[in-house]
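Read the structure below first, then the notes.
There are 2 protein chains.
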Amino acid sequence: MQLNNTVQYAIRVLSYMSAGEEETLYNVKALSEELEISYKFLTKIMTVLSKADLIVSIRGRVGGFKLAKKPSQIALIDIISVFDPNIKEDICLLGLGECDSAHKCALHDQWIKPKADIQKMLEETTLDGIDKNNLKF
Amino acid sequence: MQLNNTVQYAIRVLSYMSAGEEETLYNVKALSEELEISYKFLTKIMTVLSKADLIVSIRGRVGGFKLAKKPSQIALIDIISVFDPNIKEDICLLGLGECDSAHKCALHDQWIKPKADIQKMLEETTLDGIDKNNLKF
DNA sequence: AATTAATACCACCTTAAGATAGTATTAAAT
DNA sequence: ATTTAATACTATCTTAAGGTGGTATTAATT
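Listed below in structure tokens is the structure:
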């Protein structure tokens, strides 16, 4: 019950970027040092986030990345679904393909409530609603 | 947000075994065919479950496995924690080591409630309280 | 025009989970 | 005693996530 590494990094970076002034440019070198994330791995993640239109990339000497939207318009679910599109679908806890009211898996009834709560939390929590402290170890 | 393969298999097998009469012996060959789980992989899992005292192994020609306790005494949390001991600890959603009221991660406040709900569900749901249908694809 | 500092791309390395293969051990049935 | 059918153990293969390295491209500065 944990987000995978890539998603964790993405959330941490975007949280960090949403703490500053709007339109602020951040370069990956600085971000990687500040958040203690491997520079190379982080460039990869940033490129993906950029293609997903969560951030805007500006190339060239004084380039960098900035948020593409206001922090209040980027929800956790938006970030997670970039790397894990399944999050939005009703995936079965037990990995059994179709798991709905017609074909219930063994844990369907128990899981349906917590799952909805998490879904709701991920949809309602945006970058401006989260604590910007302790973004690294 | 899904249980890993090994844990999924373990839950499915134990669910299946808890559907029959108490003390019924099951051999891995039959279980693997019935639940469509690789035989070799399943023997591995059964050995672990046996060492964790959730099932009892009986070797030899008419051997097999049977539940070590009543279905009502085996909760999901007991099964999961055999393969993922961290489940019982308060692991940070963002993978930041210490995440408690003193050192909150960015998502601490949002995650604390759903996490508690899941924990509760996993503790309260036992093998006799779950649906035994649709244990395979 | 050359340099520099940034992102973008492509290929590869590493690690752990998932899965397989072969053999050893156990104990009932013959 | 031998055979047989079960679990137990050890080593290896496969795959995907995580991570690294090198080079190309872009664009401001000099």
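First to last, the protein sequences are chains A and B.
Heads up: the first sequence begins at 1 in this note's numbering, then just goes up one per residue.
Heads up: the second sequence begins at 1001 in this note's numbering, then just goes up one per residue.
Each residue gets a CB set at the ideal place from its N, CA and C atoms; glycine is no exception.
This one's a predicted model, so the numbers in the text were calculated from it and none came from an experiment.
In this structure, residue 67 of chain A sits away from residue 32 of chain A, with a CB-CB distance that is not shorter than 8 Å. A residue is called buried when at least 16 other Cβ atoms come within 10 angstroms of its Cβ; residue 1012 of chain B meets this threshold and is buried. In the DSSP assignment, residue 1044 of chain B falls within the unbroken alpha helix (DSSP H) covering 1039 to 1051. Residue 1114 of chain B counts as buried, since no fewer than 16 other beta carbons sit within 10 angstroms of its beta carbon. Within the same chain, 1015 come within 7 Å of residue 1130 of chain B by CB-CB distance, once the 5 residues on both sides are set aside. Going by beta carbons, residue 25 of chain A and residue 58 of chain A fall inside the 8 Å limit. Taken residue by residue, none of the region 45 to 67 of chain A has a beta-carbon sitting less than 8 Å from a beta-carbon on chain B. The beta-carbon of residue 1031 of chain B is placed no less than 8 Å from the nearest beta-carbon of chain A. Within the region 101 to 125 of chain A, the residues whose Cβ lies closer than 8 Å to any Cβ of chain B are, in chain order, 103, 104, 105, 106, 107, 108, 109, 110, 111, 113, 114, 115, 117, 118, 121 and 125. Around residue 1077 of chain B, no beta-carbon contact reaches into chain A at under 7 Å, the shortest distance being about 11 Å.
Taking all protein chains shown into account, residue 1078 of chain B has 16 or more neighbouring C-beta atoms within 10 Å of its C-beta and is therefore buried.
Inter-residue distance for residue 1108 of chain B and residue 3 of chain A is about 13 Å (C-alpha atoms, whole angstroms).
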